[in-house]
Amino acid sequence: MKIIGLIGSYRKNGNTDTAVRKVLEGAMDQGAEVEAIYLKNYEIKDCNGCEGCKTTFECVIQDDMQKIYPKIMEADGVVIGSPTYFYNVTGIIKNMIDRLYCYEVFDEDDRSVWMGIHEATGIKYATVVAVCEQKDPEDLGYTAVTMTRSLQALGYRVVDELKIYNVFNKNELLLDTNQLIKLEKAGKKLVKTILLKDKILNIMKSKM
Ligand SMILES: Cc1cc2nc3c(=O)[nH]c(=O)nc-3n(C[C@H](O)[C@H](O)[C@H](O)COP(=O)(O)O)c2cc1C
């Protein structure tokens with residue numbers, strides 16, 4: 003089983019990096035193969051709304067997103083994390099999500115009929131991690147909801163939406179043992195959820 007971590011912070015070893023890697027650690031403990039993907043190291047251009055992807059489910063823009071698409075498609079589960087920048091996700095996370103528009107399919111005559119390709123090919127699983135400096139949930143703004151709703155639209159079930167408040171300095175989260183335990187547990191839960199799906203499928207198959 004493969005779980006990828008999409009890290010949307012520009013700060014290596016910052017709080018989002020720590021949080022996502024902790025979830026991946028939990029997943030690894032549960033037997034998953036994991037990979038941390040630092041989006042800041044990839045050139046991801048804006049979606050330009052050309053709609054060139056609509057029949058092929060492939061984006062026409064040739065940049066580093068072409069390296070990320072296969073990783074997303076191959077992964078059984080995704081951990082996505084972003085710091086809060088002005089009440090929302092960072093630019094790199096937003097750019098990456100927008101570029102997943104090629105996996106959103108619409109009926110030709112009626113655009114109210116649509117689905118994410120994972121919904122058609124087999125639902126996938128995700129853990130969302132949103133990080134912010136302030137203590138008040140208002141100050142997290144739309145960070146968690148932007149990632150959760152987008153992944154749901156693409157055909158993911160979001161198993162956990164983790165919100166981390168009150169961290170500012172780069173390694174502050176590392177000092178919060180309770181939070182780290184929660185993150186690790188979430189990683190284990192993500193893997194256990196996928197294993198449960200496999201178990202159900204196997205039992206169903208044996209009945210056929
Ligand atoms: C441009 C910018 C905007 C920010 N906006 C918010 C905000 O709206 N709410 C908040 O609580 N923290 C805000 N922060 C603080 C970060 O979310 C916080 O420091 C977080 O821990 C950074 O995560 P990182 O260590 O993964 O980079 C902002 C930081 C920056 C640089």
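The numbering of the sequence shown is the numbering used here, which starts it at 3 and goes up by one. We treat Cβ as the ideally placed atom computed from N, Cα and C, and that holds for glycine. If you're wondering where the values come from, they're calculated on a predicted model, not measured in any experiment.
Only counting the same chain, and skipping five residues up and downstream in sequence, which positions put a Cβ closer than 8 Å to that of residue i?
| i | result |
| --- | --- |
| residue 15 | 172 and 173 |
Within its chain, find whatever has a CB closer than 6 Å to the CB of residue i; leave out the 5 residues flanking it on each side and keep chain order.
| i | result |
| --- | --- |
| residue 177 | none |
| residue 49 | 100, 101 and 103 |
Considering only C-alpha positions, which residue in the set the options is nearest to residue i?
| i | options | result |
| --- | --- | --- |
| residue 197 | 127, 179 and 146 | 127 |
| residue 59 | 107, 88, 206 and 29 | 107 |
| residue 95 | 47, 56, 53 and 161 | 47 |
| residue 114 | 150, 147 and 155 | 155 |
| residue 167 | 180, 38 and 158 | 180 |
| residue 77 | 189, 91 and 36 | 36 |
| residue 9 | 92, 3, 57 and 63 | 92 |
For residue i, count the other beta carbons within 10 Å of its own beta carbon; 16 or more makes it buried, fewer makes it exposed. Which is it?
| i | result |
| --- | --- |
| residue 33 | exposed |
| residue 24 | buried |
| residue 79 | buried |
| residue 51 | exposed |
| residue 19 | buried |
| residue 43 | exposed |
| residue 204 | exposed |
| residue 122 | exposed |
I'd like to know whether the C-beta of residue i is nearer than 9 Å to at least one C-beta of chain C.
| i | result |
| --- | --- |
| residue 79 | Within the model displayed, chain C is absent; a lone protein chain is all it includes. |
Check whether the Cβ of residue i lies closer than 8 Å to any heavy atom of ligand 3, and answer yes or no.
| i | result |
| --- | --- |
| residue 4 | You won't find ligand 3 in this model; what it holds is ligand 1. |
With DSSP as the reference, please indicate the residues paired to residue i in a beta bridge.
| i | result |
| --- | --- |
| residue 127 | 79 and 159 |
(request) Can you check the region 54 to 118 for any alpha helix (DSSP H) of at least 4 residues that lies completely inside it and give the ranges in chain order? (result) The qualifying runs are 67 to 76 and 93 to 101.
(request) Jot down the residue ranges of each uninterrupted beta strand (DSSP E) in the region 10 to 60, minimum 3 residues, whole runs only, in chain order. (result) Contiguous beta strand (DSSP E) elements confined to the region 10 to 60 occur at 35 to 40, taking only those with 3 or more residues.
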